[in-house]
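Residue 18 is where the sequence shown starts when you use my numbering, and the numbers rise one by one after that.
We treat Cβ as the ideally placed atom computed from N, Cα and C, and that holds for glycine.
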Amino acid sequence: MLLNAGFRVELIWEGTGRPSTDDVISEQLVVPSTSFAERLIKLAGLTSRGLRTGARNWHIHDFYMLPSALAARLRGIRTIYDVHEYYPEYYSSKLPAPLRPLAHRAISGFQVISARVIGGANLVAEPMTPAFQKAGAPTAITPNYPYNTRASTAGGTERTGAIHIGTLSHTYGMDQLISIGEHLVDMEASFSLDLVKKFPNADTERTFRERLARSQASSVINLIDPVRPSEIPGLLDTYAVGVSTILDAGQNDIAVPTKLYEYVLAGVTVVGTQRMAQRQFLQTWGQSFLFADDDTLGMAQAIMDAHDDALKARALAAAQAADGHLQWEQRPAASLTRLAEAVFNTGGKANV
């Protein structure tokens with residue numbers, strides 16, 4: 018999108034491998050952090066990297082980077098703040114309960130005022146808009162739709178198995194996934210439950226692996242390597258079911274998980290928990306079976322049932338109905354382009 022608007026783009030992000038040295042898109046890779054505390058420690062260094070590029074415009078990707086954007090504004094740099102999470106809910110939920118209301122108000126106020134000062138914000142959901150508009154911050158609505166993806170019918174009704182492509186953590190239902198796997202073993206499932214290895218930290222991964230090793234679910238659950246975002250549609254083409262076991266914590270009840278867009282457009286049946294935003298989204302798009310958090314037996318049975326050819330065909334039909342509506346190019350790209358043209362100087366360089 019920024020390229021089409023005439024900007025040269027330099028990405029500074031956490032990653033491994035060899036950075037790109039493309040003439041219009043280049044990268045600076047930072048060693049991936051293992052904790053939020055480590056990200057904060059690295060913040061001063063990231064800010065220095067951004068300033069050294071000489072870019073006149075920035076695009077930042079998390080709440081904790083707002084102080085960097087405010088410092089950059091003193092040097093004439095304008096920034097678009099990517100609000101891709103409900104940050105007041107997300108961060109305040111990590112504090113002791115008595116502190117959460119005050120933290121929520123402080124985070125909410127700080128981010129909307131900061132967005133006005135630094136330039137503007139692109140928001141992952143429409144309900145976020147009023148607070149930013151009240152503060153006078155320019156906004157764009159940019160849901161986490163997949164980019165350049167089309168609804169898929171590859172594999173047809175021959176698809177089999179279930180997959181979970183989101184974060185594996187306590188609040189995203191990793192214990193429920195093990196329980197589902199145990200029930201699938203009891204039901205003598207002829208397919209696997211594959212989980213993409215996407216842990217927030219080493220401790221969570223170690224805990225999960227230890228619990229899985231002690232469970233009979235280890236015979237049906239496979240941990241598979243992560244793939245690039247552009248490769249997710251091809252990965253999902255072989256599965257009948259996508260699983261989303263998010264629990265009631267932080268922003269989970271009001272935020273639509275990104276993986277739901279991927280699941281629906283891939284034509285898989287979604288089996289998961291009854292979070293409000295998840296339920297509302299799936300009532301409009303896709304085919305789903307949702308249950309109470311502790312009803313892992315019901316989830317396992319739904320995964321079994323979703324292998325019926327008629328249900329597979331219905332999920333594929335739902336993907337075709339969603340095609341053209343849940344893709345980045347259809348709405349978010351145009352909205353963000355207009356915001357960039359309004360906030361950034363014409364031409365030049367943008368850090369994303």
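Requested in this report: Helix, strand or coil for L2, going by three-state DSSP, please let me know.
Outcome: Shown here, the chain extends from 18 to 369; a query on residue 2 therefore has no answer.
Query - Short Cβ contact (8 Å threshold) for G178 with A72 - result: Remark: C-beta atoms of G178 and A72 do not approach each other more closely than 8 Å.
Query raised in the report: Are there 16 or more other CB atoms within 10 angstroms of the CB of N269, so buried, or fewer, so exposed?
Result: A residue is called buried once 16 or more other Cβ atoms fall within 10 Å of its Cβ, and N269 is buried on that count.
Query raised in the report: What are the start and end residues of each continuous beta strand (DSSP E) run of 3 or more residues lying completely inside the segment 161-239, in chain order?
Result: If one requires a minimum length of 3 residues, the beta strand (DSSP E) runs lying completely within the segment 161-239 are 179-181 and 210-213, in chain order.
Query - From P113, L201, Q300 and P246, residue whose alpha carbon lies closest to that of K215 - result: The candidate whose alpha carbon is nearest that of K215 is P246.
Requested in this report: Go to S352, then tell me how far its alpha helix (DSSP H) extends in each direction, as first and last residue.
Outcome: P349 to V360
Report task. On a CA-only basis, which of V360, S209, E248 and Q193 is nearest T313? Give me that one, please. Result -> When only C-alpha atoms are compared, the closest one is Q193.
Query raised in the report: Taking the beta strand (DSSP E) that T156 falls in, what are its first and last residues?
Result: T156 to I158
Query raised in the report: How is I17 classed by DSSP in three states: helix, strand or coil?
Result: A query on residue 17 cannot be resolved here, the shown segment of the chain reaching from 18 to 369 and no further.
Report task. Measure the Cβ-Cβ separation of D310 and T290 and say whether it is below 8 Å. Result -> In this structure, T290 lies closer than 8 Å to D310 by Cβ.
Query raised in the report: Do T159 and T146 have their C-beta atoms closer together than 8 Å?
Result: no
Query raised in the report: Using the beta-carbon count (16 or more within 10 Å), is V143 buried or exposed?
Result: Per the sequence shown, the amino acid found at residue 143 is Glu instead of Val. E143 comes out exposed.
Query raised in the report: So, using beta-carbon positions, are G267 and T188 closer together than 8 Å?
Result: yes
Query raised in the report: If we count the other Cβ atoms within 10 Å of its Cβ and call it buried at 16 or more, is A272 buried or exposed?
Result: A272 is buried by the Cβ-count criterion.
Report task. Kindly indicate which three-state DSSP category G136 falls into: helix, strand or coil? Result -> In this structure, G136 counts as strand in the three-state DSSP scheme.
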